[in-house]
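Protein chains in written order, with the working numbering: chain E, 10 to 361; chain W, 83 to 716; chain L, 3 to 176; chain Z, 26 to 229.
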C-alpha cells in the first residue's frame with residue numbers, strides 16, 4: 010500500500026513537472042515585456058545565460074528526483090515491515106560505496122557551480138563592456154511617484170529634450186540611462202532590453218541599453234514605490250536613426266498653437282486652471298515642474314504612465330476623476346465644468 | 083520503553099520519589115498558576131499554538147492577495163488595502179509564524195532530546211513567550227484598527243520614512259520587530275546554554291542529535307543576525323519618531339545603508355527558519371528509514387558551514403542597486419557556495435533512504451515532498467545568485483516563486499512532517515496516517531499549482547507587489563492557476579486541522595516510542611511528565627535508544643524535592659555539578675508587561691523608553707530578589 | 003469558559019472598533035460643494051468666526067495621510083516660496099500664535115481662497131478645495147495643532163530644526 | 026548487574042560559580058549580542074562618514090577629546106573592582122565582595138558624571154545631522170547598558186550587605202563582573218570612533 014503511494018508520487022510529480030516544462034517553453038516568447046524575448050545585445054546575452062542555466066539545472070533536478078524516487082523501490086523498502094533487528098547499520102561495504110558516491114556527487118556539485126560561476130561572471134563582464142562612451146547617447150530618467158521624467162542629455166541646453174513616460178531610441182546605438190529619483194526608490198526595467206537598475210534618491214545609477222531592431226518595448230517600475238507602484242510603466246520605442254532624428258526635431262519644437270477656436274478656448278481654460286502649477290507646455294505660460302511635461306502630449310501612447318491608452322475619452326475620464334482611475338495619484342482632482350471639458354480635451358490632445 | 087525497570091529499588095521508595103518529583107515540578111493550579119508556568123513543555127506548546135494561529139492569519143492574507151490578483155484589473159482590494167495585506171502577510175509569516183514556531187518546537191523538543199528536565203533559564207523562556215505574544219498582538223491591533231504597515235516586510239526607506247509613510251503604520255511594524263527579536267534572542271541564548279551545558283552524561287559533541295546541532299547553529303545565527311535588524315528597525319523608529327537622520331540623504335544619512343543592514347539580518351533569517359527544518363528531516367529520516375543517519379560528520383559540518391556562509395551573501399538582495407564588478411563576483415560565488423552545503427545534506431539523506439528499511443509514514447511523505455520542492459527552490463536560488471540573471475528576475479514573481487519554494491518547501495513541509503512525527507509524543511495519541519498522506523498530497527499539488535506558474539509570470543515581466551495588472555499583459559493564466567492552487571493549499575490546511583482535532587481525542591494510543599526512534603525524547607512518557615524523566619538517561623551511543631535495554635544507563639542522586647538538574651561539561655558531557663532551577667514565577671509576565679509598556683509607549687512618545695526602562699528595572703529586581711529560605715550547601 | 007469567550011468577543015470588538023488611520027484617497031464631491039459654500043460667502047472676519055452656525059471643520063483634521071499630502075502641496079504650489087518652511091520670508095511666518103486674519107482652520111482656508119492684501123494671492127477656484135483643506139491641515143501641524151501621531155517628525159530635506167539652523171549660522175549663541 | 030548501569034551524582038556540588046555554570050554562558054550570549062550591535066553601528070558610522078567629503082558636517086564642533094580621555098582612567102579601574110568582587114564571590118568572602126563592588130560603583134559613577142558633562146557640551150543633537158544621530162546613538166545605547174548594569178551592581182551590593190545571599194547571588198556577582206568587563210571594553214573603540222574618528226579618518 011505504501012509502495013503504491015510512492016509510485017503514484019513518482020508518476021504524479023513527473024507529469025506535473027513535464028506539463029509545467031511545456032508551459033514554460035511556449036509561454037516565454039513574443040511578449041512586449043518578457044525577460045526571455047531579447048531585443049538587444051544586453052538582454053540577448055542574458056537570455057543565452059538563462060537558457061544555459063535552465064538546461065543544466067533542470068537536468069540536475071531530474072537526476073536528483075530520479076534517485077530520490079528510486080529509494081522508494083529499494084529492497085530495503087520491500088522488506089518494509091520486518092521487525093527492527095539489533096544493527097541499524099547496513100554492512101560496511103555498502104557504506105564505503107555510498108561514501109564514494111556521495112563524495113563524487115559533492116565534487117560534481119562544486120564543479121558544476123564553478124562552471125555556472127564562470128559563465129555568469131563572464132557574461133556580466135561582457136555586458137558591462139557593451140557601453141560605448143563616444144558614440145552613445147545619454148538619457149536621464151528620473152523616477153517620481155508614479156511616473157517617469159525623461160531628459161535627453163545634450164551639451165547644448167537648447168537641444169535638451171524633456172518628456173515623460175516614453176523613451177524613443179535609435180536602433181543599433183548604445184544608450185546610457187542615467188537613473189535618478191525625486192522621492193523614493195524606483196527601479197528602471199525594460200526586460201526585453203536589459204535587466205533592472207534601481208533609481209535611488211541622492212545617487213546616480215547608470216546602465217547601457219541598446220535595441221537591435223525597431224520595436225515598442227514596455228518597461229515597468231520594479232521596486233515597490235508606494236500606492237501606485239502597479240501603474241508606473243513606460244514605453245521604449247526603438248526606431249531607425251533617421252526616424253528618430255525627425256521625432257527629436259519635432260519634439261524639440263514648442264507646442265503647436267491650437268487649431269480652431271475651441272482649441273484656443275481650451276488653452277485659456279488650461280492656463281487659468283491649477284494645471285499649470287504642475288504641468289508645463291513649452292511656448293505657453295504653463296511652467297509647472299512637478300508633473301509630466303505636456304508639450305507634445307498628443308503624440309504619446311498612454312496616459313498616466315501606461316495606465317490608459319491615450320484617447321480623448323480616456324483623457325476626459327482621467328481629468329475628471331484621476332483618483333478613481335489611479336487611487337492615490339498626485340494628479341489633482343480639479344473641478345472642470347462639463348462645457349469646459351471638451352475644449353480642454355481638444356487642446357491637450359491637439360498637442361501632437 | 084519504560085526506563086524505570088532496571089532500577090532495583092523497593093516499590094514504596096520508588097513511589098515516594100515519584101511523588102516528590104511531581105510536587106517539585108508541577109505548576110500551581112488556576113489562572114495564576116497558568117500565568118506563572120515555567121516548564122518547557124507548556125511554554126513550547128504555547129509558542130507552537132500561537133505561531134500556528136498566525137500561520138492561519140497569514141494564510142488568510144495570502145488568499146486575499148491571490149483573490150485580488152486572480153483577474154486583471156480586479157478591484158476587490160484597493161491599492162492601500164492590498165499593500166497593507168501583503169506587508170502584513172510577509173511580516174506575519176516571517177516574524178510571527180516561522181521563527182517563533184521553530185523556537186517553540188525547539189523549546190519543547192531540545193530538553194527531551196538532551197535528556198534533561200527543562201531549559202537552562204525557565205523564567206527567561208516564559209518571558210520570551212510573553213514578549214512575543216505582546217508584539218504579535220501589537221501588530222494585529224494595528225491591522226484591525228486600520229493602522230496596518232504598508233511599506234513591505236522590509237520597509238525600505240525613504241518610502242518607509244517619515245516623509246512618505248505618514249502616520250504610525252510603519253512604527254507599528256518596526257516596534258513589532260523589536261518585540262519578536264527580543265523573544266528570539268531569549269530563546270537563542272537559553273538554547274545555547276542548554277545544549278552546551280545540560281546534555282545527558284556521555285552525550286559528547288559527536289553524539290548530539292542532528293536536530294540539536296541545527297538548533298545550536300540556528301541559535302548562534304539568531305545571536306549574530308538579530309542585532310542587525312535591531313539597528314535597522316531603530317533607524318526607522320528614531321527617524322520617524324524623534325527625527326534623527328540615519329536614512330535621510332539630505333543630512334548625510336543613507337537609504338542604501340538601511341538595505342545593507344537589513345539584509346545582513348534578512349538573509350541569515352532565511353536560514354534561521356530553514357536550518358531547524360533540516361533537523362526535523364534528519365530525525366524523521368533516521369527514525370523511518372530505521373538506520374543510522376548516513377554521514378553524520380558531514381551533516382554537522384555542512385550545517386555549521388551553512389551558518390557561516392549565510393552571513394556572507396546578503397548583497398545578492400541588492401544586485402539591482404548597482405555594485406562594483408568585483409563585489410558582485412564575490413557575492414555570486416558565496417551565494418552559490420551555499421548550494422554545496424545544502425547539497426551534501428540532500429545527498430546524505432538520499433543515501434540514508436537508499437540503504438534504509440523505509441516505513442512510509444505521513445511524516446516521511448512530507449520529507450519526500452520537501453526534497454522535491456526544496457531542490458527546485460535551491461536551483462532557482464542558484465539563478466538568483468548570478469548577477470546578470472538576477473537583474474532580470476529580481477523583484478519579479480520569479481523571486482516570489484523561489485522563496486516560497488525554499489521557505490514553504492524547505493521549512494513548512496518538514497514542519498508538517500514534524501507535527502506528524504512528534505504529535506504522539508506531545509499528545510500520547512497517533513495522528514491518522516491515511517488522512518496524513520491525503521493531507522500531504524493536497525498540500526503538495528496545491529503548492530506546485532500555486533507557485534510554479536509564478537516562475538513563468540516573473541519571466542514574462544510580472545513584477546512583485548503590484549495590486550493589479552492589465553489584461554493586455556498576458557498574465558491571466560498563471561495568476562488564475564496560482565489562485566486555484568492557493569485554495570487547494572487552504573483545503574490541505576483544513577484537512578490537517580481536522581486530523582489534529584480528531585486524533586487528539588480519538589487517535590490510537592501511541593505508547594512511549596511508536597516509531598522505534600533513536601533519540602531520548604522517545605524514552606520519556608507520552609505525553610511527557612513535567613519532569614520529563616524520573617531518572618535522567620545517560621547517552622551510551624549516538625542513537626541511545628537503539629542500544630540493548632540491558633546496556634542503558636541512568637543517573638541517580640539528584641534531589642527530587644526541588645527542581646534539580648545535572649550540568650555537564652561542554653565537550654565530553656562529564657557530570658560537573660547539580661543545578662537548581664527556579665520554580666514557577668509571575669515575574670516573567672510582569673517584566674514582559676513593563677517592557678511592553680515601554681516599547682508600545684515609545685512609538686507614540688519617546689519618553690516612554692525611560693518610563694519603560696525604570697519599570698523593567700524594578701521588575702528585574704523582583705525577578706532576581708533572593709527567595710527565603712536561602713538554599714545553602716547541604 | 004463561556005465567560006472567557008464573552009470576554010474575548012468584547013475585547014475583540016473594543017480592540018477593533020476604532021479606525022486609527024483612515025485614508026480616503028478619493029475626495030467626495032458633495033463634501034467639496036460644502037467647502038465651496040464655506041469658501042465663497044464665508045462671513046468670517048479677522049480674528050475668527052462670530053457666527054458659529056456657519057463654522058466648518060477641516061475634514062482632514064488629524065489625518066496623517068492628508069497632512070502629508072498638504073506638506074507635499076505646500077511645496078508643489080510653492081507656498082514655501084514666500085513663507086519658507088514656516089519661518090517666513092517675503093510672506094509672514096506661519097509658525098506663530100497671533101494671526102492677523104485668524105489661525106483657525108476656517109480662517110486659514112478663507113485666507114488661502116480669497117487671498118489677502120500685500121501679496122497673498124487668491125487661490126480660490128485654482129487649487130481644488132480639498133487640497134486647500136489638506137494644506138490647512140499641514141499648516142496647523144506646523145504649529146503643533148495636529149496630533150503628534152499624525153505629524154511627520156521630519157522631511158527628507160535639509161533639517162530645519164532650531165539647533166541645526168543655529169549650527170549652520172555658526173552657532174552664534176554657543 | 027543493574028547497579029553498574031547507574032551513575033550516582035549525589036557527591037557533586039549543588040551549584041557552581043565559574044564558567045561551567047549555564048548562567049555564565051547565558052551572559053556571554055547577551056554580551057555577544059551587544060558586541061555585534063555596537064560593531065555594526067561602528068561600521069555604519071564609517072560607511073556614512075566615508076560617503077561624504079566634509080566631516081563633521083558644517084557647524085558641528087569636533088567633539089572634545091581631553092575630558093573623555095581622562096575619564097577612561099576611572100572606567101578601566103572600575104573593572105578591577107569588579108574583578109576583585111568576582112574573585113571574592115568565588116571564595117564566598119563577603120567583605121571582599123562588598124569592597125570590590127563598592128569600588129566598582131564609586132568609580133563607575135565618577136566616569137558617568139564626566140560623561141554627562143562632556144555630553145552636555147556637544148553643540149549638536151540627534152536631529153542636527155547624521156553625525157549627531159550616530160554620536161547620540163552611541164552615547165545613548167552605551168549609557169543605557171552602563172546604567173542598567175550599574176543599577177544591577179548596586180542592587181547586588183545591598184543584597185550582599187543585607188547578608189541574605191547564597192550561591193545564586195554569588196554567581197550573580199560573578200556574571201555581573203563579566204558584563205561589566207564588556208561594558209568597559211566596548212567603550213574604548215566607541216570612544217575612539219566618536220571622539221577621534223572625525224580627526225583620524227580623512228576622505229581625501
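Yeah, the Cβ is synthetic: ideal placement off N, Cα and C, and Gly gets one too.
Determine the direct distance from the alpha carbon of residue j to that of residue i, and round the result to whole angstroms.
| i | j | result |
| --- | --- | --- |
| residue 88 (chain L) | residue 705 (chain W) | 51 Å |
| residue 136 (chain L) | residue 193 (chain E) | 22 Å |
| residue 662 (chain W) | residue 40 (chain Z) | 7 Å |
| residue 145 (chain E) | residue 182 (chain E) | 6 Å |
| residue 386 (chain W) | residue 463 (chain W) | 20 Å |
| residue 632 (chain W) | residue 236 (chain W) | 56 Å |
| residue 35 (chain E) | residue 140 (chain E) | With a pLDDT of only 48 at residue 35 (chain E), under 50, the local geometry of the prediction cannot be trusted, and no value is derived from it. |
| residue 219 (chain Z) | residue 214 (chain E) | 32 Å |
| residue 193 (chain Z) | residue 660 (chain W) | 13 Å |
| residue 12 (chain E) | residue 424 (chain W) | Because residue 12 (chain E) sits at a pLDDT of 38, beneath the cut-off of 50, its placement in the model cannot be relied upon, and the following sentence gives the value as read from the coordinates. The straight-line gap from Cα to Cα measures roughly 28 Å. |
| residue 46 (chain L) | residue 477 (chain W) | For residue 46 (chain L), the predicted structure reports a pLDDT of 46, less than 50, and the residue's modelled location is therefore unreliable. The matter cannot be settled from this model. |
What does residue i touch in chain W if you count any residue whose Cβ is under 7 Å from its own?
| i | result |
| --- | --- |
| residue 232 (chain E) | 477 |
Smallest Cα separation from residue i: which of the options?
| i | options | result |
| --- | --- | --- |
| residue 99 (chain E) | W:300, W:436, W:417 | W:436 |
| residue 294 (chain E) | E:220, E:276, E:46 | E:276 |
| residue 547 (chain W) | W:127, W:129, W:169 | W:169 |
| residue 389 (chain W) | W:408, W:347, W:406 | W:347 |
| residue 201 (chain W) | W:281, W:161, W:130 | W:281 |
| residue 157 (chain L) | W:246, W:229, W:230, W:136 | W:246 |
| residue 171 (chain Z) | W:709, W:699, W:707 | W:699 |
| residue 375 (chain W) | E:260, E:107, E:361 | E:107 |
| residue 526 (chain W) | W:355, W:490, W:253 | W:490 |
| residue 209 (chain Z) | Z:168, Z:223, Z:62, Z:138 | Z:168 |
| residue 626 (chain W) | W:143, W:256, W:369 | W:369 |
Got a sec, what are the start and stop residues for the alpha helix (DSSP H) residue i sits in?
| i | result |
| --- | --- |
| residue 161 (chain E) | From DSSP, residue 161 (chain E) is part of no alpha helix (DSSP H) but of the beta strand (DSSP E) over 156 to 161. |
| residue 339 (chain E) | Counting along the chain, residue 339 (chain E) falls outside any alpha helix (DSSP H), and DSSP gives it neither H nor E. |
So residue i is in the beta strand (DSSP E); what residue range does that whole segment cover?
| i | result |
| --- | --- |
| residue 226 (chain E) | 224 to 229 |
| residue 52 (chain E) | Unbroken run through residue 52 (chain E) is the alpha helix (DSSP H), 50 to 79; no beta strand (DSSP E). |
| residue 218 (chain E) | 214 to 218 |
Closer than 8 Å by beta-carbon distance: list the chain W residues that pair up with residue i, in chain order.
| i | result |
| --- | --- |
| residue 332 (chain E) | Those do not exist, as residue 332 (chain E) stays about 11 Å from chain W at its closest Cβ, beyond 8 Å. |
| residue 90 (chain Z) | In chain order: nothing, as chain W lies at least about 22 Å away. |
Kindly list, in the order they appear in chain W, the residues whose Cβ is closer than 9 Å to that of residue i.
| i | result |
| --- | --- |
| residue 139 (chain L) | Ordered by position in chain W, no residue passes the 9 Å Cβ test against residue 139 (chain L), which lies about 11 Å from the chain. |
Interface residues of chain E around residue i at Cβ under 7 Å?
| i | result |
| --- | --- |
| residue 79 (chain L) | 286 |
Residue i versus chain L: which residues are under 8 Å apart at the beta carbon?
| i | result |
| --- | --- |
| residue 337 (chain E) | 27 |
Given that residue i touches chain Z, what residues does it touch there, using C-beta distances under 8 Å?
| i | result |
| --- | --- |
| residue 305 (chain W) | 54, 57, 58, 61 |
Taking C-beta pairs closer than 9 Å, name the residues in chain L that residue i reaches, listed in chain order.
| i | result |
| --- | --- |
| residue 215 (chain E) | Correct list: empty, because the minimum Cβ distance to chain L is about 23 Å. |
Inset, instruction - Quick one: which unbroken alpha helix (DSSP H) runs of 4-plus residues sit fully inside the segment 315 to 358 of chain W? Chain order, please. - result: none
Legend entry - Every unbroken alpha helix (DSSP H) inside the segment 72 to 128 of chain L [4 residues or more]: 82 to 85, 107 to 116
Legend entry - Continuous alpha helix (DSSP H) assignments of at least 4 residues falling wholly in the segment 479 to 562 of chain W: 479 to 486, 495 to 509, 515 to 541
Legend entry - Against chain A: residues of the segment 622 to 644 of chain W by CB proximity under 7 Å: Included in the structure are the protein chains E, W, L and Z, with no chain A among them.
Legend entry - Whole alpha helix (DSSP H) elements within the segment 112 to 170 of chain W, 4-residue minimum: Complete alpha helix (DSSP H) runs here, min 4: 112 to 117, 122 to 152.
Inset, instruction - Only counting runs of 3 or more residues, tell me where the beta strand (DSSP E) segments fall wholly within the segment 391 to 452 of chain W, in order along the chain. - result: none
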